[in-house]
Amino acid sequence: MIELRNITLKYGEREILKNVSLTIKDNTIKAILGPSGVGKSTILKLMLGLIKPNSGQVFVDGTDITSLKEPELYPIRRKMGMVFQGNALFDSMSISENLGFFLRENLKLPEAEVQERVAEQIKFSGLEGYEDQLPENLSGGMRKRVAIGRALIFKPHMILFDEPTAGLDPVSSKRILHLIRTLQQSSNLGAVIVTHIIDDVFSIADHAAVLYQGEIIFDDETEKLHQSEHPFIRSILSDKILEL
Ligand SMILES: Nc1ncnc2c1ncn2[C@@H]1O[C@H](COP(=O)(O)OP(=O)(O)OP(=O)(O)O)[C@@H](O)[C@H]1O
Numbered sequence: 001m002i003e004l005r006n007i008t009l010k011y012g013e014r015e016i017l018k019n020v021s022l023t024i025k026d027n028t029i030k031a032i033l034g035p036s037g038v039g040k041s042t043i044l045k046l047m048l049g050l051i052k053p054n055s056g057q058v059f060v061d062g063t064d065i066t067s068l069k070e071p072e073l074y075p076i077r078r079k080m081g082m083v084f085q086g087n088a089l090f091d092s093m094s095i096s097e098n099l100g101f102f103l104r105e106n107l108k109l110p111e112a113e114v115q116e117r118v119a120e121q122i123k124f125s126g127l128e129g130y131e132d133q134l135p136e137n138l139s140g141g142m143r144k145r146v147a148i149g150r151a152l153i154f155k156p157h158m159i160l161f162d163e164p165t166a167g168l169d170p171v172s173s174k175r176i177l178h179l180i181r182t183l184q185q186s187s188n189l190g191a192v193i194v195t196h197i198i199d200d201v202f203s204i205a206d207h208a209a210v211l212y213q214g215e216i217i218f219d220d221e222t223e224k225l226h227q228s229e230h231p232f233i234r235s236i237l238s239d240k241i242l243e244l
C-alpha cells in the first residue's frame with residue numbers, strides 16, 4: 001500500500017501540491033487524473049522517493065520513506081515497477097537485453113534465472129519473435145509492452161504508469177489497458193495510472209483521484225465521478241478535454 005499524507009511540494013516558489021493525501025491499496029487500479037502540468041508525474045516521483053516533499057509523508061507498506069537515504073530506498077523501489085511515459089528503453093540493446101538488464105546489473109541473478117524471467121515476460125507481453133530486435137524496430141504499442149515487461153521483471157507489488165497510452169493509436173491503447181488489467185488480476189498487483197485521458201480512467205480504474213490546481217478534488221470509486229458536482233469534473237465529463 002502507498003499512502004501520501006498531507007503532502008506539500010514546491011518547485012522554487014511555485015506550490016505544485018497543496019496538502020495532498022492519497023492512498024493506493026494493493027490489488028486495485030487507481031487512476032490519478034488531471035490536466036497537463038498539474039503535478040501527476042511529481043506524485044509518482046514522490047512515491048518512488050525520487051524527490052522529497054516540503055512537508056508531509058509518503059508511506060510504502062507502512063514505512064515512512066520521506067526520511068530514508070538513497071541506499072535505504074533501493075529495496076522500497078524494488079517493490080514498485082515504474083513504466084515511464086517515454087518507456088526509457090535502452091536504444092542500443094535488444095528487447096531481451098532491455099528486459100534482463102536490471103536483473104543482471106542490479107540483482108546480479110544467475111544467468112539461467114535471468115533467461116527464465118526474460119522468457120516469462122516476453123510471453124506475457126506477447127513479444128515472441130521480437131527478442132533480438134532493437135526498440136526502434138518495434139511499434140509504439142510494442143515498446144510500451146517491453147517497458148511494462150521490464151517493470152514487472154522484479155516481481156513488484158505495485159506498478160506505476162505515467163500516461164501509459166499517450167501517443168498510442170486506439171487499438172494499441174486498448175491492448176495496453178487490457179494488459180494492465182490482466183496483470184493486475186493475474187498477479188494481484190496494485191497499479192497507479194497517471195493520465196489526462198478520461199476514457200482510460202473509466203475503462204480500467206477501480207478508483208480515481210482528480211488533481212486540480214494542486215489539490216485532490218475527488219478520491220473515490222471511478223463510477224462516482226458521475227455524481228460529482230465539482231465544476232471541473234462536470235466539465236471534463238461533458239467535454240472529455242483536460243486542457244485548461
Ligand atoms: N524539477 C522541476 N523544477 C521546476 N519545475 C518543475 C520540475 N519538474 C516539474 N516541474 C513543473 O511542475 C509542474 C508539474 O509537473 P509534472 O511533470 O508533475 O506534471 P504532470 O501533471 O505530470 O504533467 P505532464 O502530463 O504534462 O507531464 C509543471 O508545471 C512542471 O513544469
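Start counting the sequence shown at 1; every next residue gets the next number (full-length UniProt numbering).
Just so you know, even glycine gets a beta-carbon here, dropped at the ideal spot from N, CA and C.
Item	Value
Rounded C-alpha distance that separates Arg14 from Ile197	25 Å
Cα-Cα separation between residue 257 and Gln227, rounded to whole angstroms	Outside the displayed range of the chain (1 to 244) lies residue 257, so it cannot be described from this structure.
Residues bridged to Thr165 (per DSSP)	DSSP output for Thr165 lists no bridge partner at all.
First through last residue of the alpha helix (DSSP H) which encompasses Val38	Element bounds for Val38: n/a, residue is neither H nor E.
Beta-carbon proximity list for Gly167, same chain, < 8 Å, skipping 5 on both sides	Gly140
Short Cβ contact (8 Å threshold) for Asp26 with His207	no
Cβ-heavy atom distance, Glu163 to ligand 1, below 7 Å	yes
Buried versus exposed, by CB contacts within 10 Å (16 or more), Ser92	exposed
Classification of Arg234 by the beta-carbon crowding that lies within 10 angstroms, buried from 16 upward	exposed
Cα-Cα separation between Leu225 and Phe218, rounded to whole angstroms	8 Å
Nearest candidate by alpha-carbon position, reference Gln133, set Leu89, Glu163, Asp162, Glu215	Leu89
Collapsed DSSP secondary structure at Thr28 in the structure displayed	coil
Counted within 10 angstroms of its Cβ, other Cβ atoms place Pro135 as buried (16 or more) or exposed	buried
Of the residues Ile43, Glu111, Thr222, the one placed nearest Ser96, counting alpha carbons only	Glu111
Assigned secondary structure, Leu4 (DSSP; H/G/I helix, E/B strand, else coil)	strand
Secondary structure of Thr23, DSSP reduced to three states	strand
Residue from Phe154, Val201, Ile29 with nearest C-alpha to Ser173	Val201
Nearest-angstrom beta carbon gap, Ile76 and Val194 [assumed within contact, 8 Å]	Going by Cβ atoms, the distance from Val194 to Ile76 rounds to 19 Å, so no, they are not a contact pair.
Leu179 burial status per 10 Å Cβ neighbour count (16 or more: buried)	buried
Cβ-Cβ distance between Met1 and Asp64 below 8 Å	no
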